[in-house]
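Below is one structure; the comments refer to it alone.
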Amino acid sequence: VFISSSANVKEYKELSRFQDAYRTLLDMMGHELIVHSAGFFYLRPQEMEVLSKRERQAAASIFCLIESLCDRGMSIETVITREEPVTVEDIQIMIDQHRERLSSLDLHNLENFTSLGLRKLIETGVMSEVKRQPDRVEYTLGLPAFFYLDICRKMSKDHDEKAKHDLSLDDVEDGRSVDEMANAFLISTDLDG
206 VFISSSANVK
216 EYKELSRFQD
226 AYRTLLDMMG
236 HELIVHSAGF
246 FYLRPQEMEV
256 LSKRERQAAA
266 SIFCLIESLC
276 DRGMSIETVI
286 TREEPVTVED
296 IQIMIDQHRE
306 RLSSLDLHNL
316 ENFTSLGLRK
326 LIETGVMSEV
336 KRQPDRVEYT
346 LGLPAFFYLD
356 ICRKMSKDHD
366 EKAKHDLSLD
376 DVEDGRSVDE
386 MANAFLISTD
396 LDG
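Here the sequence shown is numbered in the working numbering, starting from 206 and rising by one per residue.
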């Protein structure tokens with residue numbers, strides 16, 4: 206769960222005020238309290254060997270959504286900071302674009318994606334559900350989406366460096382499964398690269 210300055214004001218102020226005490230307490234419980242410069246806290250387990258299916262679904266959901274929005278020329282930073290809506294139509298386009306990747310995690314249709322992947326992102330504070338009209342639901346990316354965006358940037362940088370090393374982009378293909386990418390997403394420890 207992410208605790209952000211926009212969505213969890215009371216909790217964010219509490220953590221900010223007593224950061225050292227919470228850091229010590231959480232460290233004793235096997236977690237590291239991380240403060241992100243975009244204005245949110247999150248916990249990183251000190252030991253993470255196996256991710257649950259729900260964690261893999263959430264990571265794959267946000268990874269595919271970020272990639273799809275970027276492929277369509279949208280600035281993720283702008284979508285996050287201006288709370289621009291992500292519509293059901295945007296999500297359907299993303300599902301169609303990544304159906305093969307998402308099928309291994311049962312996220313290959315709108316109903317499953319919404320109930321399994323999107324619901325977890327909402328529960329953890331990465332996204333919010335907004336009803337602008339009584340019969341129309343839209344979603345917004347919260348500040349904690351920067352966590353995943355940082356990882357996407359790191360993965361892209363690593364891919365570019367590997368391509369440069371191999372001298373040809375055509376020869377470098379990311380052959381990881383969506384499970385492997387979700388694991389890399391959630392257990393990445395060096396976001397500043």
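Every residue, glycine too, gets a C-beta built ideally from N, C-alpha and C.
Asked                                                                                                                                                        : Found
Thinking C-beta only, is residue 344 closer than 8 Å to residue 332?                                                                                         : yes
To the nearest angstrom, how far is it from the Cα of residue 288 to the Cα of residue 335?                                                                  : 10 Å
Classify residue 339: buried if its beta carbon has 16 or more other beta carbons within 10 angstroms, exposed otherwise.                                    : exposed
Of the residues 227, 271 and 238, which one's Cα is nearest the Cα of residue 283?                                                                           : 271
So residue 348 and residue 285 are in contact, right, with Cβ under 8 Å, and what is the actual spacing, rounded?                                            : 7 Å
For the alpha helix (DSSP H) containing residue 307, list its first residue and its last residue.                                                            : 304-308
Decide if residue 370 is buried, meaning its Cβ has at least 16 other Cβ atoms within 10 Å, or exposed.                                                      : exposed
Please classify residue 226 as buried or exposed, where buried requires at least 16 other C-beta atoms within 10 Å of its C-beta.                            : exposed
State the DSSP-derived secondary structure class of residue 279, mapped to helix, strand or coil.                                                            : coil
Helix, strand or coil for residue 341, going by three-state DSSP, please let me know.                                                                        : strand
Can you give the Cα-Cα distance for residue 257 and residue 208, rounded to whole angstroms?                                                                 : 21 Å
Please report how far the alpha carbon of residue 376 lies from the alpha carbon of residue 222, in whole angstroms.                                         : Only weak support is given to the placement of residue 376: the predicted model assigns it a pLDDT of 49, under 50, and the question is left unresolved by the model.
Buried or exposed: residue 230, going by 16 or more other Cβ atoms within 10 Å of its Cβ?                                                                    : exposed
Which class does residue 335 belong to by DSSP, given the choice of helix, strand or coil?                                                                   : strand
Can you tell me whether DSSP reads residue 210 as helix, strand or coil?                                                                                     : coil
Using the rule of at least 16 other Cβ atoms within 10 Å of the residue's Cβ for burial, across every protein chain shown, is residue 330 buried or exposed? : buried
Tell whether a beta-carbon distance below 8 Å holds between residue 322 and residue 224.                                                                     : no
Could you pull the start and end residues of the beta strand (DSSP E) that residue 241 belongs to?                                                           : 236-241
Nearest CA to the CA of residue 276: which residue from 260, 306, 298 and 317?                                                                               : 298
Do residue 269 and residue 307 have their beta-carbon atoms positioned less than 8 Å apart in this structure?                                                : yes
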